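Student: The sequence shown begins at 1 in my numbering and counts up one residue at a time. The beta carbon of each residue, even a glycine, is placed where N, CA and C say it ideally should be. All values reported here derive from a predicted model rather than from experimental measurement.
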Amino acid sequence: MELPKKTIKEFTGKVIKIIQETPSAKTLVFDTKDIDFDFYPGQYVMLNVPYEGELLKRAYSIASPPTQRETLELTIKRVPGGKASVFLTEKVKEGDEFLIKGPYGKFVWVPQMGTNLVLIGAGSGIVPLMCILRYIVSAKLEHIKATLIYSNTHYEEIIYYQELEKIQKGSNIKVVYTLTRSHPPHWEGYTGRINTSMLLKEIEDIPTNLYYLCGPPNFVDDIAQMLHELGVDKEQIKKEKYD
Ligand SMILES: Cc1cc2nc3c(=O)[nH]c(=O)nc-3n(C[C@H](O)[C@H](O)[C@H](O)COP(=O)(O)OP(=O)(O)OC[C@H]3O[C@@H](n4cnc5c(N)ncnc54)[C@H](O)[C@@H]3O)c2cc1C
Numbered sequence: 001m002e003l004p005k006k007t008i009k010e011f012t013g014k015v016i017k018i019i020q021e022t023p024s025a026k027t028l029v030f031d032t033k034d035i036d037f038d039f040y041p042g043q044y045v046m047l048n049v050p051y052e053g054e055l056l057k058r059a060y061s062i063a064s065p066p067t068q069r070e071t072l073e074l075t076i077k078r079v080p081g082g083k084a085s086v087f088l089t090e091k092v093k094e095g096d097e098f099l100i101k102g103p104y105g106k107f108v109w110v111p112q113m114g115t116n117l118v119l120i121g122a123g124s125g126i127v128p129l130m131c132i133l134r135y136i137v138s139a140k141l142e143h144i145k146a147t148l149i150y151s152n153t154h155y156e157e158i159i160y161y162q163e164l165e166k167i168q169k170g171s172n173i174k175v176v177y178t179l180t181r182s183h184p185p186h187w188e189g190y191t192g193r194i195n196t197s198m199l200l201k202e203i204e205d206i207p208t209n210l211y212y213l214c215g216p217p218n219f220v221d222d223i224a225q226m227l228h229e230l231g232v233d234k235e236q237i238k239k240e241k242y243d
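#1: Ends of the alpha helix (DSSP H) at residue 161?
#2: Whose C-beta lies closer than 8 Å to the C-beta of residue 180 among residues of the same chain, with five residues either side of it excluded?
#3: Report yes or no: do three or more beta-carbon pairs, one from the region 106–121 and one from the region 211–226, lie closer than 8 Å?
#4: Check the C-beta distance from residue 128 over to residue 240 and give it rounded, since I have them as a contact under 8 Å.
#5: Return yes when the Cβ of residue 14 is within less than 7 Å of the Cβ of residue 31, no when it is not.
#6: According to the Cβ coordinates, are residue 28 and residue 100 closer than 7 Å?
#7: Give the secondary structure of residue 118 by DSSP, where H, G and I count as helix, E and B as strand, and everything else as coil.
#8: Under 6 Å: does the beta carbon of residue 231 sit that close to some heavy atom of ligand 1?
#9: Please return the same chain residues whose Cβ sits closer than 6 Å to the Cβ of residue 88, not counting the five positions on each side in sequence.
#10: Beta-carbon separation of residue 142 and residue 172 under 7 Å?
#11: Would you mind reading off the limits of the beta strand (DSSP E) that contains residue 103?
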């Protein structure tokens, strides 16, 4: 399905709030009150990050839904040894300004594309998936059925945990977690990497859904392969690789 392109804009965004999401991830909230910035759920922006005299350009998915017009949220997870992500999670203060350009990307969802969604993410790969979920909630799209399968290394690293718990209470959204490296004593979610038996157990009518996969390239490729083997058509799988 070809969607009309959103106009690409370049603007200076001021950080008006910083949210510590997990020990290694922060959300930067930018003021977009005076900017007519529109995008599809799932798209990303390019951020110019000053770093030791250089200007680094990095892609960050938009975390806030397009229904939220006054602010734009980006969630950045620190990559050990990384440049931009370390700067953005350790040095940025409220009031700082950044050049932002976008929106970009074909990893998008709008209701006309399908009503049964399965979102599968790892680590910071949750960000565009959260944008889609926030959009479903804020636009009150109660006819949409969504399942999120979210993999993290440790419990403390689950980004948006409280909000995800709230979203899935009595709604059309189901959230399934797995922790790959450690888990608290009374953990009731899965442990270990996402595998075929987990997918078979948690997803209804596997070949009929629309799939959105986001995270490190190997993760996305592995899950896509599992879905193919379970009979999902290539066209039903959208991928965003964070490399
Ligand atoms: C379309 C798109 C959307 C993205 N959205 C987000 C987002 O919403 N939130 C977010 O936190 N990141 C996101 N990323 C990743 C982001 O663009 C940067 O790559 C990331 O912040 C690391 O940049 P850096 O300058 O700190 O690392 P660099 O200094 O460029 O790299 C340092 C080292 O870390 C490795 N590395 C780079 N990225 C990763 C990674 N993601 N995981 C593991 N190792 C890595 C590199 O190979 C290198 O060895 C997105 C990437 C893409 C392509």
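Tutor: So, to answer that:
#1: For residue 161, the enclosing alpha helix (DSSP H) starts and ends at 161–167.
#2: Within the same chain, residue 180 has close Cβ partners 151, 152, 153, 191, 192 and 193.
#3: Taking 8 Å as the limit for Cβ pairs, the verdict is that the region 211–226 does touch the region 106–121.
#4: The beta-carbon separation of residue 128 and residue 240, rounded to 6 Å, stays under the 8 Å limit for a contact.
#5: Yes; because the gap between Cβ atoms is below 7 Å, this pair is in contact.
#6: Taking a C-beta distance under 7 Å as the contact criterion, residue 28 and residue 100 do not qualify as a contact pair.
#7: Judged by DSSP in its simplified three-state form, residue 118 adopts strand.
#8: No, ligand 1 has no heavy atom inside 6 Å of this Cβ.
#9: Hits under 6 Å: 76.
#10: The Cβ-Cβ distance between residue 142 and residue 172 falls below 7 Å.
#11: Residue range 97–104 is occupied by the beta strand (DSSP E) that includes residue 103.
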